[in-house]
Amino acid sequence: MCGIVGAIAERNVSAILIEGLKRLEYRGYDSAGVALINTSGQLKRARRTGKVAELEGALEASPLPGSLGIAHTRWATHGVPSEANAHPHFSGDSLAVVHNGIIENHEVLRDELKALGYVFTSQTDTEVIVHLLHHKLKQFDDLADALKAAVQELHGAYGLAVISAAQPDRLLAARSGSPLVIGLGIGENFLASDPLALRQVTDRFVYLEEGDIVELRRESLQLWDSQGEPVERETVQFKDSAEAADKGQYRHYMLKEIHEQPAVVQRTLEGRLGQQQVLSSAFGAEADALFKQIKAVQIIACGTSYHAGMVARYWLEDLAKLPCQVEVASEYRYRPVVVQDSTLFITISQSGETADTLAALRMAKELNYLASLTICNVGTSSLVRESDLALLTNAGPEIGVASTKAFTTQLVGLQLLTLALAQTRGTLSAARVAELVAGLRQLPNKLEEALAMDTVVEQVSQRFAEKHHTLFLGRGTQYPVAMEGALKLKEISYIHAEAYPAGELKHGPLALVDSDMPVVTVAPNNELVEKLKSNLQEVRARGGELIVFADKQAGLHDEEGCSVIAMPHIDDILAPILYTVPLQLLSYHVAVLKGTDVDQPRNLAKSVTVE
Ligand code: G6P
1 MCGIVGAIAE RNVSAILIEG LKRLEYRGYD SAGVALINTS GQLKRARRTG KVAELEGALE
61 ASPLPGSLGI AHTRWATHGV PSEANAHPHF SGDSLAVVHN GIIENHEVLR DELKALGYVF
121 TSQTDTEVIV HLLHHKLKQF DDLADALKAA VQELHGAYGL AVISAAQPDR LLAARSGSPL
181 VIGLGIGENF LASDPLALRQ VTDRFVYLEE GDIVELRRES LQLWDSQGEP VERETVQFKD
241 SAEAADKGQY RHYMLKEIHE QPAVVQRTLE GRLGQQQVLS SAFGAEADAL FKQIKAVQII
301 ACGTSYHAGM VARYWLEDLA KLPCQVEVAS EYRYRPVVVQ DSTLFITISQ SGETADTLAA
361 LRMAKELNYL ASLTICNVGT SSLVRESDLA LLTNAGPEIG VASTKAFTTQ LVGLQLLTLA
421 LAQTRGTLSA ARVAELVAGL RQLPNKLEEA LAMDTVVEQV SQRFAEKHHT LFLGRGTQYP
481 VAMEGALKLK EISYIHAEAY PAGELKHGPL ALVDSDMPVV TVAPNNELVE KLKSNLQEVR
541 ARGGELIVFA DKQAGLHDEE GCSVIAMPHI DDILAPILYT VPLQLLSYHV AVLKGTDVDQ
601 PRNLAKSVTV E
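For the sequence shown, the positions run 1 to 611 when full-length UniProt numbering is used.
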């Protein structure tokens, strides 16, 4: 989704801004732009549709040097992807703004500003901000004062940055609902919507809180909180290497991230397992006391993270005997909900910044929940900062838009939570807990075994490249795994894929099954496998082609029209984590065969920070 980079320095910052935009490319966008105050004190900009490389090419052909600038990648919400709609937006020839988020009252403001004589050159909601600010500058000389007054009139979500040729010694920014972070340099300062954009220039960051406004100068910064009071915010020093976000030997980030799973799962487990039990202190010092009071669980998430929540529901009801509801954040946040007594509210998110999930958490805080817990990959994110408890998944930066290692580490985090709750509530024998803890310890090795199936999966993928529709089937915890497999395939190969609980097959989807519709099934060795075999027969009888990922002990064998791919044996409870891997590899290889943009699939964004 949209990205912001800004810089104020003594040196030319043009290349820093472009490099920052490139590092944000993974978030998904359709156009890019940059504005700088040049050496003669004039405000200049360049904008292009398509990739940042187009903008870079334009700047090579006609350079825009300057020591103060802002840059943006846009993911269209209001108005088509076009040069005119790309940011930065100008008011007159001296004021420029870039903006992430959505201004909900843009129509009213647009009419008011038009009545004041402002001429609009784009269809965006953002353009109202720059003209409104221009208007406020007639009352307030100082840019910060004018910005404070302007944001009072904005409804909706924004992370925005402003420069003015009239005040070329400062870079202004404001945050409400869309993340912004300051990067601290020596004699220079930076700004971005994601610290990843600035890792090439600094490892020291200051996160803006909701409602904050900041004025950056080369040597200093001044922050004000939502009440307009001067405020100081903590500086965070990053320790992970800036190279963590490189592709290394891999052709795509997604493939690298799939192969990182054994190592990152190991990291998720680190410090959280005792000899034979889960250390509930991993969820915070107060977790033990809190866990004793929980009578129900509500899980909220979006996309892939929602699928992790669906797996957790089976686990929590089965192992911890806790009633559990799971819902996508965009539905939950807009309906009146009934909160059961002593319910733990859980959010799951890779980024910790997904607009709907964050809004759901904020709504839940007004309701009668016992406490909030987030399972999240980004320690500095809004979800982590605003939740009572947090379990970090420690998967490292995930760049591929299609989530892979974030999902498996979320599942590991949710399994740790389930076991911690089961221990506290006494719903599992100590021996069974110890067995599952041992299973978790072996998981990195099992994941290596699953990754070793790559060549076989690659061969199977050839059968999908010419197809237009696919069905994914699973039962029990493997139903959400099938959903995640279908989501991966549609996200990156653009093949229509649907997931069904296998038992629902005959209630509709069977009508679609023929030789043009491959059916992918995940079948661990549990009590449901016999029922699944009957479902597979139903598909075969209609000429459907089956691809089955099955436990080597499940008694399923290759036959005409049915390819069985043997999976390493694993405790059934942990099977969803393992069976996800071949489905990730399958969609990856199909996408490579089809020649789609694996890491940045069309129309999608990595971090959905607007509704
Ligand atoms: C976007 C991403 C998905 C992700 C979803 C939720 O749609 O493309 O990969 O699952 O957002 O994001 P979150 O960061 O909250 O897990």
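Yeah, the Cβ is synthetic: ideal placement off N, Cα and C, and Gly gets one too. Just so it is clear, the structure is predicted and the values come from calculations on it, not from any experiment.
{"Asked": "List the endpoints of the continuous alpha helix (DSSP H) containing R362.", "Found": "A355 to K365"}
{"Asked": "Given a cut-off of 9 Å on the beta-carbon distance, is the pair L147 and I182 in contact?", "Found": "no"}
{"Asked": "Have a look at K44, L95 and A15 and flag the residue whose alpha-carbon is nearest the alpha-carbon of G57.", "Found": "A15"}
{"Asked": "So does Q442 have its beta carbon nearer than 8 Å to some heavy atom of the ligand G6P?", "Found": "no"}
{"Asked": "Measuring straight from C-alpha to C-alpha, what distance separates S587 and M453?", "Found": "14 Å"}
{"Asked": "Is the beta carbon of K606 within less than 8 Å of some heavy atom of the ligand G6P?", "Found": "yes"}
{"Asked": "Is the CB-CB distance between R23 and R199 below 9 Å?", "Found": "yes"}
{"Asked": "Grouping DSSP H, G and I as helix and E and B as strand, with all else coil, what is K247?", "Found": "coil"}
{"Asked": "At what residues does the beta strand (DSSP E) containing E215 begin and finish?", "Found": "I213 to L216"}
{"Asked": "Does the region 279 to 299 come within contact of the region 437 to 444, defined as at least 3 CB pairs closer than 8 Å?", "Found": "no"}
{"Asked": "Checking the sheet assignment: what are the DSSP bridge partners for E559?", "Found": "C562"}
{"Asked": "Quick check: the Cα distance between S67 and Q415, rounded to an integer number of angstroms?", "Found": "50 Å"}
{"Asked": "Using a threshold of 8 Å, is the CB atom of S349 nearer than that to any non-hydrogen atom of the ligand G6P?", "Found": "yes"}
{"Asked": "Would H507 be called buried (16 or more neighbouring beta carbons within 10 Å of its own) or exposed?", "Found": "exposed"}
{"Asked": "Output the distance between the C-alpha atoms of I163 and L59, rounded to the nearest integer angstrom.", "Found": "19 Å"}
{"Asked": "Return the bridge partner residues of residue 666 from the DSSP annotation.", "Found": "Nothing can be reported for residue 666, as the shown portion of the chain is limited to 1 through 611."}
{"Asked": "Output yes or no for whether 9 Å exceeds the beta carbon distance between H78 and Q123.", "Found": "yes"}
{"Asked": "Please classify I346: does DSSP put it in a helix, a strand, or coil?", "Found": "strand"}
{"Asked": "Can you have a look at F120 and say buried or exposed, based on whether 16 or more other CB atoms are within 10 angstroms of its CB?", "Found": "exposed"}
{"Asked": "Please classify P323 as buried or exposed, where buried requires at least 16 other C-beta atoms within 10 Å of its C-beta.", "Found": "exposed"}
{"Asked": "As an exercise, report each continuous alpha helix (DSSP H) stretch of at least 4 residues that is fully enclosed by the UniProt domain \"SIS\" (287 to 427), in chain order.", "Found": "287 to 293, 303 to 319, 329 to 332, 355 to 365, 382 to 386 and 405 to 425"}
{"Asked": "Take the Cβ of Y29 as the centre, count every other Cβ of all protein chains shown within 10 Å, and call the residue buried at 16 or more, exposed below.", "Found": "buried"}
{"Asked": "Which class does K44 belong to by DSSP, given the choice of helix, strand or coil?", "Found": "strand"}
{"Asked": "State the DSSP-derived secondary structure class of M254, mapped to helix, strand or coil.", "Found": "helix"}
{"Asked": "Quick check on this structure: which residue in I103, Q222 and L417 has the alpha carbon closest to the alpha carbon of V311?", "Found": "L417"}
{"Asked": "Is it buried or exposed, S429, if we count other Cβ atoms within 10 angstroms and call 16 or more buried?", "Found": "exposed"}
{"Asked": "Using 8 Å for Cβ pairs, my map puts D514 next to G543. What's the rounded Cβ distance?", "Found": "6 Å"}
{"Asked": "Please name the residue in A591, D125 and L373 whose C-alpha comes closest to that of R251.", "Found": "A591"}
{"Asked": "In angstroms, rounded to a whole number, what distance separates the CA positions of L510 and E458?", "Found": "27 Å"}
{"Asked": "Are the Cβ atoms of L447 and V236 separated by less than 9 Å?", "Found": "no"}
{"Asked": "Should Q167 and Q277 be called a contact, given that it needs their Cβ atoms to be closer than 9 Å?", "Found": "no"}
{"Asked": "With 16 as the cutoff for other CB atoms within 10 Å, does D93 come out buried or exposed?", "Found": "exposed"}
{"Asked": "I'd like to confirm the pairing. Which residues does DSSP put opposite W224 in its beta bridges?", "Found": "I213 and P230"}
{"Asked": "Judging by CA-CA distance, which residue of D111, A46, A157 and R233 is the nearest neighbour of G69?", "Found": "A46"}
{"Asked": "Does the ligand G6P have a heavy atom nearer than 8 Å to the CB of V278?", "Found": "no"}
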